[in-house]
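Trainee: Take this structure first; my questions come after.
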Ligand code: ADP
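This is the structure we're talking about:
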């Protein structure tokens, strides 16, 4: 990619990826030349899927969207963003409840590295109540998650829950 190409990182747990995340990735891909979806190796959270499994689920969900890369990272997000020569970090804002935490993160990241700009994108309102935890909860109790995650993710979710 050339030097003036605009690169964004979309970091998160993606445990698993949902239509809400995909909505944000599509919007980011309109603005940026390249979007790197970056799975955080967060040791504090106990994920259902391994980092590698989450990356496979993302790759299968974004095939139709151009100029997307899927990676994983650990350590400070701003350090990873610098290594990738990223211009921006993308975060999704669903509701006011997201705002306080996201503002705190964005300001801390700015303090750590002035040159990393956080960009907030809003999903379609039909995804505004959606998150990975609620999808896992619904699937665990046999509810239908068709409208929350792509078929491939649903399939892997049901297999995983059957074995956990
Ligand atoms: P994290 O542990 O970093 O919050 P998540 O996978 O839960 O990881 O979320 C990653 C990003 O995607 C966050 O910015 C979050 O606000 C956003 N996000 C999650 N679900 C949705 C959704 N349904 N619509 C829009 N953004 C979302």
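Residue numbers (our numbering): 22 to 185. Even glycine gets a Cβ: it sits at the ideal position worked out from N, Cα and C. Small disclaimer: the values here were computed from a predicted structure and weren't measured.
Give me the Cα-Cα distance between residue 28 and residue 108, rounded to the nearest whole angstrom.
Mentor: Position 7 of the chain shown, counting from 1, holds the residue named residue 28. Position 87 of the chain shown, counting from 1, holds the residue named residue 108. Their Cα atoms are separated by approximately 6 Å.
Trainee: Beta-carbon within less than 8 Å of residue 40's beta-carbon, same chain only, minus the 5 sequence neighbours each way: which residues are those?
Mentor: Counted from its first residue, the chain shown places residue 40 at position 19. Hits under 8 Å: 148, 151, 168, 169, 170 and 171.
Trainee: For residue 88, which option in 175, 161, 26 and 155 has the closest C-alpha, if you only look at C-alpha atoms?
Mentor: Taking the chain shown and counting its residues from 1, the one referred to as residue 88 is at position 67. Here the closest residue by C-alpha is 26.
Trainee: Rounded to whole angstroms, what is the Cα-Cα separation between residue 136 and residue 126?
Mentor: For the purposes of this step, residue 136 is identified with residue 115 of the chain shown, where counting begins at 1. For the purposes of this step, residue 126 is identified with residue 105 of the chain shown, where counting begins at 1. Between residue 136 and residue 126, the C-alpha separation is close to 15 Å.
Trainee: As a quick exercise: from 161, 128, 153 and 44, pick the residue whose alpha carbon is nearest that of residue 185.
Mentor: Walking along the chain shown from the start, residue 185 turns up at place 164. It is 161.
Trainee: Look at the alpha carbon of residue 116 and the alpha carbon of residue 124, and state the distance between them as a whole number of angstroms.
Mentor: The count along the chain shown starts at 1 and reaches residue 116 at position 95. The count along the chain shown starts at 1 and reaches residue 124 at position 103. Spanning the two alpha carbons is a distance of roughly 13 Å.
Trainee: Thinking C-alpha only, which one of 141, 61 and 69 is nearest residue 174?
Mentor: As a working note, residue 174 is residue 153 in the chain shown. Cα-wise, what sits closest to residue 174 is 69.
Trainee: How many whole angstroms separate the CB atoms of residue 166 and residue 180, which I take to be in contact at a CB cut-off of 8 Å?
Mentor: Along the chain shown, read from residue 1 onward, the residue named residue 166 stands at position 145. Along the chain shown, read from residue 1 onward, the residue named residue 180 stands at position 159. Actually they are not in contact, since the Cβ atoms of residue 166 and residue 180 sit about 13 Å apart, beyond 8 Å.
Trainee: Could you work out which residue in 83, 53 and 74 is closest to residue 93 when comparing CA atoms only?
Mentor: Stepping through the chain shown from its first residue, residue 93 is reached at position 72. Considering only alpha carbons, the answer is 74.
Trainee: Output the residue ranges of the alpha helix (DSSP H) runs that lie fully inside the stretch 60-114 and measure 4 residues or longer, sorted by chain position.
Mentor: Complete alpha helix (DSSP H) runs here, min 4: 72-82 and 98-104.
Trainee: Please state the DSSP three-state secondary structure of residue 141.
Mentor: Here residue 141 refers to the residue found at position 120 of the chain shown. Residue 141 falls in the strand class under three-state DSSP.
Trainee: Is the distance from the Cβ of residue 52 to the Cβ of residue 144 below 9 Å?
Mentor: Position 31 of the chain shown, counting from 1, holds the residue named residue 52. Position 123 of the chain shown, counting from 1, holds the residue named residue 144. Contact: no.
Trainee: For residue 182, collect the residues of the same chain with a Cβ closer than 7 Å to its Cβ; drop the 5 residues on either side in sequence, then sort them by chain order.
Mentor: Translated into positions along the chain shown, residue 182 becomes position 161. Hits under 7 Å: 160 and 161.
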